[in-house]
Structure formats: C-alpha cells, structure tokens
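Structure first, commentary second.
Residue numbers (the numbering used here): 1 to 433.
Take a look at the structure:
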C-alpha cells in the first residue's frame, strides 16, 4: 500500500512532515528522562570515584595513627660493608662499637682424584657424625659430637658404588653434609661441605668396606674424613667455625654471620673481618614516618584535585561540573577545612600542621616544606602527639586521627557519600543526587 504524502488535493499540507513532528513531540518526555538518567549515571560514577579517593586518603591517615608506625626503630652503621643491623620495635635507642674477628665457616673436605664421576669404589657404609673439632692445629686434638644429634649411617650396596651415586645417597640422607662432584681436566673429585656453618656443625666420616683391602686410599675408605688424623683420606680444606665479634668490649659468637638479638632487640650481620670499630646507632625510624606523611599528602591531593574539578563552575560555558552544588561534596569540603582550621592541643610544641611544614595551597591541595618537616621529625614523640593521638574532641585528637574520622563518617553506611549513591531518584531511577 502506498504511503500517504498529502492530506488531499489542493490542501498543501505535507502529511509525512506532520506525522514526523507529532512523533518527535511524543518522544520528548522519553528523551528528557533518558537525558536525566544519563546525567544521574555520570554523577553516580563521579561519586563512586570520589568515595575511592576518600578511602585512600583515610587509609593513609590511619596508617599514621597506628602504634607500629611510631614504634619502628632504625639502625645506622658507619661501615655497611662490614656490619649491617636491624632493630625490633622494642629496641631502645643506643650506640654500639663493633669489631669483627672472624666470620662463620662451614667445614669442607675434598677427596683424591678419580678418573670420572662414574668411577666405582666398593660396597660398605659411611657413618657421618656432626660435631666440633678441638685445637687450632692440624691435625685437631679431638672431636666432640654435637649435642642432640645422632650419627647417620649410609649403606652403599651392589650397584651403588659409583662416585655419582654415592654423592646422591649422601645428599638424600639429611645428615648435615652436602656432597658435589667437581670435574676438571684431570678427572673428578668428591667435595663435601657442612650444610650449616658454625663450630658445632663440623663432621667426621667413618668409611667401612664390606670387603676391606686394608688400603685407606682405595675403595669406599677413600671417603673417610677425620681432622684429628694426619692421614685422613679426604683432605680437610676448611674447619667449621663460629663468627666472632666484640660489641662494646664484650666478645660474642654466632654459628652464622648473623647475631640475632645480640643486644636488646638488635640483630646484626657481619660481612668481613675488620679490626677497625664500626659504630652502630639505634634510633626511632623517622624515615618511615616521613614516607607515611608523604603518602598521606599524595592521597589527600589526589582527592582534593578531583573534588575541585568535579565541583567547579565554568564561567565560559556557563555550566557547572558534575558535582557542582552537590550537598555531599560540599559537606566533605567543609569537613576537610574544619580539620585543617581547628588547632590541636595534643602537642606542647605545635598546634597546626603548617608549623611542621604541611601547608595548604591556594588550590586546596597540601605541600610539605622540607626544612620544617625535617626539624619536626627530630622530635618524634611530639610529632606523634600532633598527628596520632585519639582524643575525645577535635582539639584533643591528632590531625591524622581527625582525617581518618572524616573518611569513616562520609563512607559509613549512613555517611553523606554512601547515602548519596543509595537513595531513589525522581523518575524511579535507583540513583539520586
């Protein structure tokens, strides 16, 4: 059926245009609703991002109110290549003079040369004992088994006599000795090393052959180790030894190069022998506090910049940004200004953030003044009072505690930002602003 394009001959009316206009007129309320929904969705997205930025600011403020943030201790060293150290939170401030006489060592021993790693020895057993050798000479004057350990016997049976298989059986035994094979142009040698360093982790190995040829240099007997004997089949390269240092005139020993809790929460690691004293100084870790402050300022500024952009009015376009005039955004701005403008009484040194170098710029963001903040960090106890105390009022609470409270309030179930995204809209839309 042909479409109607005219209402009658001579009428001069365009039916198609009239129908199109009527349809467009009918569609206007739908378009209006859609436009409002689009605007509401945009505002919802803006509030969602603002909530995320407020949460980040709140979390950085909360980090500066935690006990752990102000309990950290740092250790400085005059020679980190010789002695480095760390301190636990309960370590007191102090100074230590350290000299290093010896580093910890693991015992090592090397067999005679074999043609290759597949060379076969003989059947029998290897008995490994951990312990310490006495006497500084070579050979040692005695061997004392390590308390709390038992000798481990490794049986070498038929088909298990190759050097490589014996290496693998030693490693699988968990006897405190690690075996490897070193190859060069002349052949292969078995290398044995204590799994752990320390004087008590030396080892003695007794080799017993099933059919002994009475030659200690051949068969399984060639893998015997005994530093008390000048004729030990395997060559002792290194005796096991403790690390030794002197701290404030007191000689201390450790089975490793780390001295744990050697003094009131102090743990130090030695790296080389040095008769020159290394100075260690423990003090409150102000570097981590400064990092926490810098992290808060960064998070605050990201929030403040976004809030400013979303609430500004464009004089040229004569239109406001998405959250311009929004009650929740305005409430947040007011609460943030209140924190900054309300002096604190928690510290006897300062009452405002600007006094420690955290100042407000014209655009509403914060900046830190390095010299003022450095001076404040030299008084960490007073700085903690200014920032972290949880009081009963704004004046008796630290500034970071107050910023955390602002974040908690606006993001709580009944907070202004949370409620803003939950209420019903005018057109039955699940969004309202």
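Virtual Cβ for every residue (Gly too), placed ideally from N, Cα, C.
What are the boundary residues of the alpha helix (DSSP H) that includes residue i?
i: residue 376; result: 370-377
i: residue 67; result: 67-71
i: residue 382; result: 380-388
i: residue 84; result: Element bounds for residue 84: not the alpha helix (DSSP H) but the beta strand (DSSP E), 83-87.
i: residue 280; result: Note, residue 280: premise wrong, no alpha helix (DSSP H); beta strand (DSSP E) at 274-284.
Is the CB-CB distance between residue i and residue j below 8 angstroms?
i: residue 85; j: residue 280; result: yes
i: residue 235; j: residue 110; result: yes
i: residue 101; j: residue 339; result: no
i: residue 224; j: residue 216; result: yes
i: residue 170; j: residue 121; result: no
i: residue 156; j: residue 190; result: no
i: residue 258; j: residue 246; result: no
i: residue 365; j: residue 357; result: no
i: residue 194; j: residue 176; result: yes
i: residue 321; j: residue 335; result: no
i: residue 292; j: residue 63; result: yes
i: residue 133; j: residue 207; result: no
i: residue 145; j: residue 159; result: no
i: residue 54; j: residue 417; result: yes
i: residue 308; j: residue 381; result: no
i: residue 87; j: residue 325; result: no
i: residue 72; j: residue 331; result: no
i: residue 124; j: residue 192; result: no
i: residue 289; j: residue 69; result: yes
i: residue 49; j: residue 296; result: no
At what residues does the beta strand (DSSP E) containing residue i begin and finish?
i: residue 409; result: It is not in any beta strand (DSSP E) - residue 409 instead sits in the alpha helix (DSSP H) that spans 399-411.
i: residue 139; result: Unbroken run through residue 139: none, as it is neither H nor E.
i: residue 225; result: Counting along the chain, residue 225 falls outside any beta strand (DSSP E), and DSSP gives it neither H nor E.
i: residue 205; result: 202-209
i: residue 187; result: 187-194
i: residue 218; result: Counting along the chain, residue 218 falls outside any beta strand (DSSP E), and DSSP gives it neither H nor E.
i: residue 267; result: 266-270
i: residue 244; result: 243-247
Classify residue i as helix, strand or coil using the three-state DSSP reduction.
i: residue 305; result: helix
i: residue 348; result: coil
i: residue 37; result: With a pLDDT of 48 at residue 37, under the threshold of 50, the predicted position of this residue should be treated as unreliable, though the coordinate-derived value follows. If DSSP states are grouped into helix, strand and coil, residue 37 belongs with the helices.
i: residue 254; result: strand
i: residue 435; result: Given that the chain is displayed from residue 1 to residue 433, the structure contains no residue 435 and the question cannot be resolved.
i: residue 111; result: coil
i: residue 236; result: strand
i: residue 341; result: helix
i: residue 101; result: strand
i: residue 160; result: coil
i: residue 76; result: strand
i: residue 17; result: helix
i: residue 325; result: coil
i: residue 288; result: helix
i: residue 116; result: coil
i: residue 165; result: helix
i: residue 414; result: coil
i: residue 46; result: helix
i: residue 52; result: helix
Applying the criterion that 16 or more other CB atoms from any shown protein chain within 10 Å of the CB defines a buried residue, is residue i buried or exposed?
i: residue 371; result: exposed
i: residue 168; result: exposed
i: residue 410; result: buried
i: residue 115; result: exposed
i: residue 66; result: exposed
i: residue 197; result: buried
i: residue 180; result: exposed
i: residue 249; result: exposed
i: residue 136; result: exposed
i: residue 346; result: buried
i: residue 201; result: buried
i: residue 327; result: exposed
i: residue 244; result: buried
i: residue 238; result: exposed
i: residue 313; result: exposed
i: residue 318; result: exposed
i: residue 129; result: buried
i: residue 51; result: buried
i: residue 282; result: buried
i: residue 182; result: exposed
i: residue 39; result: Residue placement at residue 39 is poorly supported in this model, since its pLDDT is 47, which falls under 50; the coordinates still yield a value, given next. Exposed, since its Cβ has fewer than 16 Cβ neighbours within 10 Å.
Could you pull the DSSP bridge partners for residue i from this structure?
i: residue 314; result: 319
i: residue 180; result: 191
i: residue 366; result: 360
i: residue 124; result: 156, 209
i: residue 259; result: 268
i: residue 300; result: For residue 300, which the question treats as bridged, DSSP gives no partner whatsoever.
i: residue 132; result: 144
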